[in-house]
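Report on the structure given below.
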Amino acid sequence: MLVEGAAKRQAPKSILEFFERRAVDVAPDLIGAEFCFNDVGGMIVEAEAYEPDDPASHSFRGPTARNSAMFGPPGRLYVYRSYGIHWCVNFVCLPGSAVLLRAIEPRHGIDVMQKRRGNPVFRLLCSGPGRLAQALGIDLSANGLNLDRAPFSLNLPKTKPDLVSGRRIGISKAVEQPWRFGYAGSAHLSRPFPHAK
DNA sequence: GACTCGATTTCCT
DNA sequence: GGAAATCGAGTCG
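In terms of the working numbering, the first sequence has 462 at position 141, counting the first letter as 1, and numbering is strictly consecutive.
If you want it as structure tokens, here you go:
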């Protein structure tokens, strides 16, 4: 499904203000943003929203040791291990809601990413939540950190790009929610958006 | 493209 | 105790 781009938006005064909203509102606004961790990163091209009343969300059953960052202040990182192997990176929004970063177009520190990934294929460096976390060097030690300061940098796009949206990936509940957002036409999406033109 | 396997934590029963 | 998990790489075709 094609989503209208270039929506007018008040520029947020701060990172905190930007994230003090529902994840479904934050996620599309993150597409096209530049995100770096220790000067390694690029442009966010794919993200998914998870809400407190969302059966697919880790926060659905309330706070636990793992998901406590999701219930902390907005504008922080929520990192968890996926399938026992990968790390996944989320931005915390309103309590119990977060945006999962799924893909980035690499722009900074590409050599570092390639070294970390051990896979030189440029298109696959950050295409997928596990790959992205590995390329940027983010693991559980970054859980709960404030996105508003080093080693992070986050620059929102000046003009909003054309977006596509669709069903989220890898979930078994609330699959009908079109809460996956992507940069239309990007070569770095983790998977295509069905029906997107 | 379909399939399979890895490897760990969480939370449910 | 055990299924399920916001996945990725490799194999076989």
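In this text, a Cβ means the ideal position worked out from N, Cα and C, and glycines have one as well.
{"query": "Paired residues, beta bridge with residue 407 - DSSP", "result": "403"}
{"query": "Residue closest to residue 426, alpha-carbon to alpha-carbon, out of 352, 332 and 339", "result": "352"}
{"query": "Cβ neighbour criterion (16 or more within 10 Å) applied to residue 432", "result": "exposed"}
{"query": "Host alpha helix (DSSP H) of residue 457 (start-end)", "result": "450-457"}
{"query": "CA-to-CA distance, residue 395 to residue 380, given in whole angstroms", "result": "14 Å"}
{"query": "Extent of the continuous alpha helix (DSSP H) to which residue 431 belongs", "result": "431-438"}
{"query": "Pairwise C-alpha distance: residue 505 and residue 421", "result": "18 Å"}
{"query": "Of the residues 435, 436 and 365, the one placed nearest residue 410, counting alpha carbons only", "result": "365"}
{"query": "Counterpart residues of residue 365 in DSSP-defined beta bridges", "result": "425"}
{"query": "Element boundaries [alpha helix (DSSP H), containing residue 514]", "result": "Unbroken run through residue 514: none, as it is neither H nor E."}
{"query": "Residue 484 (DSSP reduced to helix, strand or coil)", "result": "strand"}
{"query": "Sub-8 Å separation of residue 468 and residue 475 beta-carbons", "result": "yes"}
{"query": "Stretch pair the stretch 439-452 + the stretch 330-340: three plus CB contacts closer than 8 Å", "result": "no"}
{"query": "Beta-carbon proximity list for residue 370, same chain, < 6 Å, skipping 5 on both sides", "result": "344, 345, 348, 420 and 500"}
{"query": "Inter-residue spacing [alpha-carbon to alpha-carbon] between residue 518 and residue 438", "result": "Interpretation of residue 518 is limited by its pLDDT of 42, a score under 50 that renders its predicted location unreliable; the figure taken from the coordinates is listed afterwards. For residue 518 and residue 438, the distance between alpha carbons rounds to 31 Å."}
{"query": "DSSP state of residue 327 mapped onto helix, strand, coil", "result": "Residue confidence for residue 327 is low, a pLDDT of 49 falling below 50, so the modelled location carries little weight and cannot support an answer."}
{"query": "For residue 337, the first and last residue of its enclosing alpha helix (DSSP H)", "result": "336-340"}
{"query": "For residue 398, the residue or residues it bridges with in DSSP", "result": "412"}
{"query": "Beta-carbon contacts of residue 356 that lie in its chain and below 7 Å, excluding the five residues immediately before and after", "result": "362, 365, 425 and 475"}
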